[in-house]
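J.: In this note's numbering, the protein residues as written are 20 to 754. We put the beta carbon where it would ideally sit given N, CA and C, even for glycine. Just dropping this structure here.
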Amino acid sequence: MKFSEYLFKNPYWKYLKWLWIGAFGGIFLLAAMVWAIAMGWFGQLPPIEELENPTTQLASEIYAEDGVQLGKYYLQNRSNASYEELSPQLINALIATEDIRFYEHSGVDNSRIFTIVIYNLMGKKQGGSTISQQLAKNLFPRRKFRSIVDKAVTKLQEWIVAALIEQRYTKDEILTMYFNTVEFGSNSFGIRSAAKTFFAKTPYELNAKEAAVLVGLLKAPTLYSPIRNPANSLNRRNTVLNQMAKAGFISQDSCAILKSSPIDLQFQEESHNQGLATYFRETLRMELLNWCEENGYNLYKDGLKIYTTINTTMQQIAEQTVEQQLKEQQKKFFAHWKGREPWGEYKEVLLTGMKRSDRYRIAKELKKSESEIQAEFNTPVKMRVFSYTRGEIDTVMTPMDSIKYYKYFMQCGFMSMDPTNGKIKAWVGGHNYKYFKYDHVNITAKRQVGSTFKPFVYTVAVDNGFSPCTLIPNKPVSFAGYPDYNPSNADEKFGTPEMTMFRGLQFSMNLVCLNVLKLLGEGGINNIIDLAKKMGVKSTIEPYPSSALGTADISVYEMVGAFSTFANKGVWIKPNYLTRILDKNGNVIYENLPVTQEALSEQTAYIMCKMLEKVTTHGTAAKVKYLYQIPGAVGGKTGTTQNYSDGWFIGITPTLVSGCWVGWEDRAIHFRSMELGSGSAMAMPIWATYMQQVSKVPNLFQIVNEWSPPQSPISVELDCANFESNKVEKEDFVE
């Protein structure tokens, strides 16, 4: 009997026939489904262009001038790493745990498919996705499953995308993309962020133990978090280490040693409240948001590389100096007002503080009445408050008491820049960004400048032919139209009837300055205002005689930029902090060009530098030289407002100009004496301590011993020895 006759007469043939039909039908159906999915019948697959340029939410990164990363702007804290930046142990841990045949398959591991199916049918749930399939899900997440058909279609889509990824990328590129797209928890997206957050390392610096922790996190970032669930994390890490030993990536002995050791974390979750230059980064963010809107970029998703002029060494010194000096002065302020409230009768500062608070805003949104809000603000609650001496303090107090508590704290704005190119090297808007958000350097943060405005008056005088040795009356002066304006000197110690301009600026004599204004004639104040504008002061200055003594509100940013004009031989350069922006592919999409304006003659600028130098040798800031011993050519000007609510010091050198304001949130709060509340007492020590520290760092900036004289001969007298009388020693006067 022939085999075919035997086969057809066999009673089991009909079963075999349907088995073969089912097998070939299933293969045909699978092929048909794959074809239909590839054609987009079940939803469009990602276009080829998207596969080659996958879209992820990349954080934009801010860099200092020396390449140090200052911070990021992001919705997801994700920064890409290259393959060369990945630790070999990191790659080994991933392959051993997730896809041991990674280098052998082409996206889908066919040898594992049927095994996984059988295990899942037995109730032993197992994942069979390769690294390429997981990458497909990371890059192109699918809809939630609604049925078994939907689940099957989604799985087939994942296979197709994985195969396309394998066709277009090398294995190294796939590994890199995978590590850049996965989430590790604790606000860390991508391996670069995770390595920094959990271990304060780069991805390449990770050892086997650390790599095992991070790869272990991928299974469930919360469940295996070393912060939230340390026991789970330790067990999962050891599982990964076992897999690495099983795959031969580490020896069994090494595995045993590593498993016996604890997880050593250096955890620091990235926050906009922490890190270097927090105030500066926020000011930069607001500017970049406008730029991105105008130019079609998303600051939080497009992975921009933002390069700034900030010098990390100078920034660190500036921040440390501000904190240290304010801490010392704060002690004096607490002692000065011990047993009394510094706002005195000005209770409205407390009401204003209450109405500015988030608690008040939320209460108003909830339609609470004023009486309900008042009751809420006088009910004790748990809160965490700032303290210089004890750090953050967990305590119980009423919200109103917390407002009173914070009103005591002194505030500061400090900026340092290179006058030759306008590059801002340090920007300190306050002493603790988490608790005090207001940036006191920003151009919008204006405070009364006091005597730091006087150099503008003397500059116009020099431009009009006055010599620093010109004798100026030191007596009361009146101005037409202002009969009630009768100021006096801050200190009546110097009652000489006249002084040289050198000495008038040196000791910040109000009456000498006003007499200079009087001698400049009817248009004098307008000429002074025009000069200030040429030197970068955009704030409003009223054309009143009192403006000569600094009644205008101007920002630290403007004042430091203006004083830089003196050091830069009369040329104002707009202070700048942004050099260029690159897109995620490294293309330059913005480059900053300097903005300059000739404001003074070179001779006038030189004369003003020499006059400001007198202030720091035998004037209101004489401690700069005899106590702090700041090297090289140095000039500066102190400033104090009438009730001591604002203290200023702007200091200049040929290569570095820095300025400082110190005061309080409310002008009603202040010291009550010149000794404690003057610019030389509050602001100058911050500038001088900063200059002491930066001067000690080799090659940080150039120390120049003499001001560079103008090319043309000086046309006015600078040696005033024959004009000056009753000499004053450096310790005799402090503004």
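If we require 4 or more residues per run, which alpha helix (DSSP H) segments fall completely within the segment 178-262?
T.: 190-200, 210-218, 227-236
J.: Take Met-333 as the anchor and find which of Ser-677, Pro-728, Val-723 has the nearest alpha-carbon.
T.: The shortest C-alpha separation from Met-333 is found at Ser-677.
J.: Here's the rule I'm using: 16 or more other beta-carbon atoms within 10 Å means buried, otherwise exposed. How should Val-447 be labelled?
T.: The residue in question, Val-447, is buried, as its Cβ has 16 or more Cβ neighbours within 10 Å.
J.: Can you give me the Cβ contacts of Ser-151 inside the same chain, cut-off strictly under 7 Å, excluding the 5 residues immediately before and after it?
T.: Gly-126, Ala-181, Ile-184, Glu-185, Ile-193
J.: Alpha carbon to alpha carbon, how far is Asn-529 from Val-400?
T.: 50 Å
J.: Would you tell me roughly how many angstroms separate the C-alpha atoms of Ile-412 and Phe-286, rounded to the nearest one?
T.: 21 Å
J.: Once the 5 residues before and after Ile-114 are set aside, which same chain residues still bring their CB inside 6 Å of it?
T.: Phe-121
J.: State the CB to CB distance for the pair Ala-112 and Val-234, rounded to an integer number of angstroms; the pair is presumed to be in contact (CB under 8 Å).
T.: 4 Å
J.: How far does the beta strand (DSSP E) with Lys-644 in it extend, from its first residue to its last?
T.: That residue, Lys-644, is in no beta strand (DSSP E); its alpha helix (DSSP H) goes 642-645.
J.: Based on the DSSP output, what are the partners of Ala-445 in its beta bridges?
T.: Its beta-bridge partners are Ser-435.
J.: So, helix, strand or coil for Ile-671, using DSSP?
T.: strand
J.: Would you list the one or two residues that DSSP bridges to Val-607?
T.: Paired residues: Leu-601.
J.: Counting only the same chain and skipping the five closest in sequence on each side, list residues whose C-beta sits under 8 Å from that of Leu-105.
T.: Excluding positions up to five away in sequence, the list reads Leu-194, Thr-195, Phe-198, Ile-210, Pro-222, Tyr-223.
J.: Do you know offhand how far Ala-239's Cα is from Lys-465's?
T.: 50 Å
J.: Starting from the C-beta of Ile-119, find all residues in its chain whose C-beta is less than 7 Å away, skip the five residues before and the five after it, and write them out in chain order.
T.: Ala-266
J.: Should Arg-300 and Gly-86 be called a contact, given that it needs their Cβ atoms to be closer than 7 Å?
T.: no
J.: What does the alpha-carbon distance come out to for the pair Thr-331 and Val-713?
T.: Roughly 11 Å separates the two Cα atoms.
J.: Roughly how many angstroms separate the alpha carbons of Met-578 and Ala-230, rounded to a whole number?
T.: 51 Å
J.: Do Leu-94 and Tyr-316 come within 7 Å of each other at the CB atom, strictly closer than that value?
T.: no
J.: Can you find the residues in the same chain that come closer than 6 Å, C-beta to C-beta, to Leu-323, ignoring five residues on each side of it along the sequence?
T.: Ser-79, Ile-600
J.: Mind pulling the beta strand (DSSP E) runs of 3 or more residues that sit fully within the segment 549-577?
T.: With a minimum length of 3 residues, the continuous beta strand (DSSP E) runs that stay inside the segment 549-577 are 572-574.
J.: Please list the terminal residues of the continuous alpha helix (DSSP H) segment that includes Arg-378.
T.: 377-384
J.: Are the CB atoms of Gly-569 and Val-468 nearer to each other than 7 Å?
T.: yes
J.: What does a CB cutoff of less than 7 Å around Asn-483 pick up in its chain, not counting 5 residues either side in sequence?
T.: Leu-539
J.: Is the number of C-beta pairs between the segment 517-535 and the segment 552-563 that are closer than 8 Å three or more?
T.: no
J.: What is the rounded straight-line gap between the Cα of Gln-648 and the Cα of His-459?
T.: Roughly 28 Å between the two C-alpha positions.
J.: Tell me whether Gly-285 sits in a helix, a strand or coil according to DSSP, three-state version.
T.: Residue 285 is actually Gln in this sequence, not Gly. Three-state result, Gln-285: coil.
J.: What residues in its chain sit with their C-beta under 6 Å from that of Ala-571, if we drop five residues either side in the sequence?
T.: The beta carbon of Ala-571 sits closer than 6 Å to the beta carbons of Ile-560 from its chain, once the five residues preceding and following it are set aside; these are given in chain order.
J.: Whole angstroms is fine: what's the gap from Leu-385's alpha carbon to Lys-366's?
T.: Taking the straight line from one Cα to the other gives about 26 Å.
J.: Closest to Asn-157 by CA distance: which of Gly-410, Gln-76, Phe-218, Ala-213 is it?
T.: Here the closest residue by C-alpha is Gln-76.
J.: Is it right to say Tyr-576 is buried, meaning 16 or more other beta carbons lie within 10 angstroms of its own, or is it exposed?
T.: buried
J.: Contact check, Arg-378 vs Pro-438 under 8 Å by CB: the rounded distance?
T.: Arg-378 to Pro-438, Cβ: 44 Å. No contact.
J.: What number of angstroms, rounded off, separates the C-alpha of Pro-492 from the C-alpha of Arg-522?
T.: Between the alpha carbons of Pro-492 and Arg-522 lies a distance of about 12 Å.
J.: Less than 7 Å between C-beta atoms, sequence neighbours within five positions excluded: which residues of the same chain meet that for Ala-551?
T.: Phe-475, Ile-560, Ala-581
J.: Using C-beta distances below 7 Å, list every residue in its chain close to Leu-345, excluding the 5 sequence neighbours before and after it, in chain order.
T.: Closer than 7 Å at Cβ, skipping near neighbours: Met-429, Cys-431, His-450.
J.: Would you list, in sequence order, the uninterrupted alpha helix (DSSP H) runs of no fewer than 4 residues that lie entirely inside the segment 681-725?
T.: You should have 693-696, 698-701, 703-715.
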